[in-house]
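Numbering (the working numbering), first residue to last: 1 to 854. C-beta: ideal position from N, C-alpha, C; glycine also.
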Amino acid sequence: MTRYNIQETEAKWRKVWDDKGSFVAQDDTSKPKYYVLEMFPYPSGRIHVGHVRNYSLGDVVARYKKAKGFNVMHPMGWDAFGLPAENAAIENNRHPGEWTYENIGAMRKQLKAMGLSLDWSKELATCHPGYYKHEQKMFLDFYKKGLAYRKDSIVNWDPVENTVLANEQVVDGKGWRSGAPVERRKLNQWFLKITDYAEELIDELKKLERWPEKVRIMQENWIGKSQGLKLKFDIEDFEDRIEVYTTRPDTIFGASFVALATDHPLAEKLAGEKDGFKDFKKQCEAIGTSEAAIEQAEKLGFDTGYRVKHPFLENDTLPVYLANFILMDYGTGAIFGVPAHDQRDFDFATKYNLPIKTVVAPEGDTDFKAEKAAYSGEGALINSQFLDGKTIDEAKVEIISRLEKIGTGQGTTQYRLRDWGVSRQRYWGCPVPFIHCDACGIVPVPDDQLPVTLPDDVSFDKPGNPLTHHPTWKNTTCPECGKNAQRETDTFDTFFESSWYFARYCDPRNEEIPFNKESAEYWLGVDQYIGGVEHAVLHLLYARFFTKAMRDCGYLNVDEPFTGLYTQGMVTHVTYQDDQGKWLFPKQILEGHNGGLIHRDTKEPVTAGATIKMSKSKKNVVDPEDILSSYGADATRLFILSDSPPDRDLEWTESGVDGAWKYVNRLYRIYDENLSLIESIPKDAPDAFSDNAKDLRRKTHETALQISKDIEDFHMNKAVARLRELSNMVEGFKINENSEKWAMREALEYMAICMNPIMPHLAEELWQMMGHETLLVDTSWPVVDKNLLQTTVVTLAVQVNGKVKSTIMLPRDAAEKEARETALANEDVQKALDNKEIRKFIYVPNRIVNMVVG
RNA sequence: GGCCCCAUGGCGGAAUUGGUAGACGCACACGACUUAAAAUCGUGAGUCUUCGGACGUCCCGGUUCGAGUCCGGGUGGGGCCACCA
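Pasting the structure below:
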């Protein structure tokens, strides 16, 4: 018996595929195309188990679709700009670029060890000037189209690091690295007008049928479309009017105050001179930006002393407050407060002793009063003059139409979505291609001067943006007037690069064009995109927006980037701690003689804790490189695809990988032991098959069919189970005659092809062992003979009063009479019937018999 | 607080979409091989049982000849968003 040498064999086949260019995609319109893409990795230095899961899943799809006759493109690249490179530069005194490219080299090697069917000829890195050049041009085109603009905005500013922080980098109101309290600062920043596409982005979600419902709902909520009313209030003794936005215009008669955001343009005008205004503003700003702080924050108000006229109540006026809970960047930055029907307004009114007027009552309770809390449920209008008795929806329509008639209000659609701020005060990103000129203002960099490249000689010894500190880089001349001017030193948010890379794979080496338009229109949208659900909103929304913006700037005629999306679950692992509570790596753990866990070196006892997402801080991580080198790629892939459905969390266990490894070896043994038996069998099928052979053939064809269904549904765990069922049958199959030999060979061939998406190296090796001259990767998915699938005899359950009492054998599609006779002839059934009268006889052919007895 | 998802043996999970619950695997037990262990192979197992059966898919109720699956109510767990008017 030969032993299966995993390392050698796997390396051998990877080389063969590589030398033959088996996975290099060509534009070929004679075949249906299939574009498989996994979210590209950030080159942090090493791949982690999440990557292994992501790329194993994608590879199953890519290899399967190739076998199914599709022209498959399955490329890989690197999301190479980002903060970690700068942090590494600071810590190790290295250039971010050098660090990044070194990491790419290391990770490419790791990925290649997985035997993925990737087209490496299309590899790209977003930090390459040949990549970001096109991105700069794209931004200029967006600018021309009015999709990019500058405005003042409030940002999280770290006063120690001298930089803007993303919301995620603010922890408990402090900078994540400096620990300094974050300030809110107004900065002039670049924005992309994603809000222009709010309607289309929300509308086209409906068309993305092959996206998880969950992700579509998340995007829908994020965009947050709401129907409402904009309404202008006249202020007594003041020339301006206050415009408010509400989604509950029906409650207008319950309004008891109007409130403005503290940074509303009118705030200063109305209250600027008043005592205590400055203190009030300071108090509001002191409240942190963290969620916890906001939640605990008390409602604060400042009475401006002004009053507005109620649009329907002649002599009624409402006080105008400034309030800390009103957001300037949603709606109009002003509201009318209805304490009885909005909890925030209720809290505010209680605090400042404002009237609480109930105007909506639950059905059948017209005397209802919202006394302890706001009531936001269904009901009918009360205390509202001409609205009384109407439902909320009817009242909304009525109010909007009346106000539109008198011209003080207008029904509007509002979105929660904000424009995308893309400026970052960072070095390792794509420079924003603009020039600041004292005379001409903001001037785009001319096309022939692109790309604006990053300087190599940078230092990170001072906090803040190295581009600003660079002695010469920002000095340039104005393209319009020729005078001295300065470059923009901000770089783009790194979500910028990932918003269009899927198109760049269509001619990634071309420096002249961002992508080949014709080719991109052939390949896009991505038929199957796979990645973590954590990108459900940001990346996936930005990429959708970019695609539409590129379309409108004439780049390509595609509406949506990803027609199919799959979001995979996380990989978890048990945590380990020693007696001192120190976290330990799984590979530091051994099982002691008494069954308890001990430390591999110190032999001290160890406790196993919760199973949670792998994280470096809890040390519950395994290094894919260790796993790949000891178990090989096939076993690793098999394990990761085996038990858990891909959208759920996967618990990594050492015994699980071990089991997968055993199965790889077992499969090899099955083939090795059977090959000599079937060697001499002629290619042509025999005229007749034994029953035994027929059973195997049925299982073989059924398995091929099931596995293809399972893969198409992303039920990789089920596909593995089917494969194991077939191999179990093959293993126990006794060969007595030629037709059985023939069926055995067919089973082994089909099984190898079905194995290929999951364990490609082994499958290729077995294929060769069976004497095939061509490669398995170039072999088509097996043809399923539907005639073999149906058995002539079916086993079906016989129930008495809904409880299974026995099973009977019947010819397929047997008539009811025969079913009844066979069922009644059954001893167990007779016993259960106990001579009682059969009141009803139910027979569903090939499914079930059920008898109801009295 | 809002929106969404989930609940099946000791564990991960299957179940033809309303038709024999527990496929496939992990862990376990016993047996074979071995001086022994590992590896490998074989056998067993939802629970209780007076060995006739009875019960069983988080709990309560409903629809149905028949419910893990559908409907109503609850409990528990998870995810996303969150002062969005």
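Shortest alpha-carbon distance to residue i belongs to which of the options?
i, options, result
"Asn5", "Trp473, Ser629, Thr332 and Arg600", "Ser629"
"Gly333", "Arg418, Leu83, Val244 and Lys269", "Val244"
"Pro586", "Ala608, Glu712 and Thr262", "Ala608"
"Asp329", "His470, Ile154, Leu810 and Ala349", "Ile154"
"Thr555", "Ile406, Thr563, Phe515 and Gly531", "Note on identity: in this sequence residue 555 is Tyr, with Thr being the wrong assignment. For Tyr555, the nearest C-alpha among the options comes from Phe515."
"Asp828", "Val800, Arg812 and Asn846", "Val800"
"Ser178", "Glu161, His470 and Asp456", "Glu161"
"Arg424", "Leu266, Asn156 and Ala485", "Asn156"
"Lys269", "Pro84, Gly254 and Ile242", "Ile242"
"Phe139", "Asp419, Trp17, Ala255 and Leu192", "Leu192"
"Pro471", "Gln486, Val258 and Tyr132", "Gln486"
"Ile838", "Val852, Val844, Lys831 and Thr350", "Val852"
"Asp275", "Gly305, Asp447 and Leu260", "Gly305"
"Ile400", "Gln410, Pro32 and Asn54", "Gln410"
"Ala610", "Glu651, Gln580, Gly596 and Gly632", "Glu651"
"Ile235", "Asn665, Asp713, Tyr321 and Lys817", "Tyr321"
"His772", "Thr795, Gln830, Lys683 and Glu818", "Lys683"
"Val452", "Gly441, Asp578 and Glu488", "Glu488"
"Thr251", "Val338, Asp365 and Trp781", "Val338"
"Gln577", "Leu417, Ser617 and Gly389", "Ser617"
Helix or strand or just coil, what does DSSP make of residue i?
i, result
"Pro159", "coil"
"Thr289", "Low local confidence applies: a pLDDT of 49 at Thr289 is under 50, so the model's placement there is unreliable, and no value is given."
"Pro431", "strand"
"Ile808", "strand"
"Arg184", "strand"
"Asn504", "Note on residue identity: the sequence assigns Arg, not Asn, to residue 504. Reduced to three states, the DSSP call for Arg504 is helix."
"Glu773", "coil"
"Gly564", "strand"
"Trp767", "helix"
"Ala635", "helix"
"Trp473", "coil"
"Glu283", "The amino acid occupying residue 283 in the given sequence is Gln; Glu does not appear at that position. Of the three classes helix, strand and coil, the one that applies to Gln283 here is helix, per DSSP."
Name the two residues that bound the continuous beta strand (DSSP E) containing residue i.
i, result
"His539", "Element bounds for His539: not the beta strand (DSSP E) but the alpha helix (DSSP H), Leu538 to Asp552."
"Glu123", "Asp119 to Ala125"
"Ser851", "In the sequence under discussion, the amino acid at residue 851 is Met, which differs from the Ser named in the question. That run of the beta strand (DSSP E) goes Ile848 to Val853."
"Gly464", "Neither: Gly464 is in no beta strand (DSSP E) and is coded neither H nor E."
"Val800", "Val793 to Val800"
"Ser226", "Lys225 to Asp234"
"Asn826", "From DSSP, Asn826 is part of no beta strand (DSSP E); its letter is neither H nor E."
"Pro444", "Gly441 to Pro444"
"Lys269", "No beta strand (DSSP E) contains Lys269, which is instead part of the alpha helix (DSSP H) from Pro265 to Ala271."
The alpha helix (DSSP H) spanning residue i covers which residue range?
i, result
"Tyr306", "Premise fails: Tyr306 lies in the beta strand (DSSP E), Gly301 to Lys309, not in any alpha helix (DSSP H)."
"Met73", "Looking at the DSSP string, Met73 is not in any alpha helix (DSSP H); the run it does join, the beta strand (DSSP E), is Asn71 to Met73."
"Pro319", "Pro319 -> not in any alpha helix (DSSP H); beta strand (DSSP E) instead, spanning Thr317 to Ala323."
"Arg487", "Premise fails: Arg487 lies in the beta strand (DSSP E), Asn484 to Arg487, not in any alpha helix (DSSP H)."
"Ser739", "Asn738 to Met755"
"Tyr131", "Pro129 to Lys144"
"Asp578", "Premise fails: Asp578 lies in the beta strand (DSSP E), Val571 to Asp578, not in any alpha helix (DSSP H)."
Cβ pair count under 8 Å reaching 3, the region 230–243 against the region 381–391: Remark: fewer than three beta-carbon pairs, one from each stretch, lie closer than 8 Å, so the region 230–243 and the region 381–391 are not flagged as touching.
Validate contact between the region 145–152 and the region 96–103 using beta carbons, cut 8 Å, 3 pairs: Result no; under three Cβ-Cβ pairs closer than 8 Å.
Validate contact between the region 751–761 and the region 717–733 using beta carbons, cut 8 Å, 3 pairs: With the rule of 3 Cβ pairs closer than 8 Å, the region 751–761 counts as touching the region 717–733.
The region 645–658 touching the region 553–570, judged by at least three CB pairs closer than 8 Å: The region 645–658 is in contact with the region 553–570.
Any 3 or more C-beta pairs closer than 8 Å across the region 662–678 and the region 740–754: Output reads yes: the region 740–754 touches the region 662–678.
4-residue-minimum alpha helix (DSSP H) runs that sit fully inside the region 40–116, ordered along the chain: Within the region 40–116, the complete alpha helix (DSSP H) runs of at least 4 residues are 49–67, 83–92 and 96–112.
Whole alpha helix (DSSP H) elements within the region 650–721, 4-residue minimum: Listed in chain order, they are 654–678 and 691–712.
Cβ pair count under 8 Å reaching 3, the region 520–527 against the region 542–560: A contact exists between the region 520–527 and the region 542–560.
The region 110–120 in contact with the region 65–75 per 3-pair CB rule at 8 Å: Taking a cut-off of 8 Å on C-beta distances, the region 110–120 touches the region 65–75, as three or more cross pairs fall below it.
Residue ranges of each alpha helix (DSSP H) within the region 331–364, 4 or longer: If only uninterrupted alpha helix (DSSP H) runs of at least 4 residues are considered, those enclosed by the region 331–364 are 343–351.
Inter-stretch contact (C-beta, 8 Å, three-pair minimum) for the region 807–816 and the region 776–785: Inter-segment contact for the region 807–816 and the region 776–785 is absent: fewer than three beta-carbon pairs are separated by less than 8 Å.
Segment contact, 8 Å Cβ cut-off, at least three pairs: the region 31–46 with the region 70–81: Yes, the region 31–46 touches the region 70–81.
At least three beta-carbon pairs within less than 8 Å, the region 444–455 to the region 253–273: The region 444–455 vs the region 253–273: no contact.
Meets three-Cβ-pair contact criterion under 8 Å: the region 12–27 and the region 45–56: Proximity of the region 12–27 to the region 45–56 falls short of the contact definition, fewer than three beta-carbon pairs being nearer than 8 Å.
Touch test, the region 684–703 against the region 726–736, Cβ-Cβ under 8 Å, three pairs minimum: Yes: the two stretches touch, three or more of their Cβ pairs being nearer than 8 Å.
Any 3 or more C-beta pairs closer than 8 Å across the region 337–356 and the region 369–380: Result yes; three or more Cβ-Cβ pairs closer than 8 Å.
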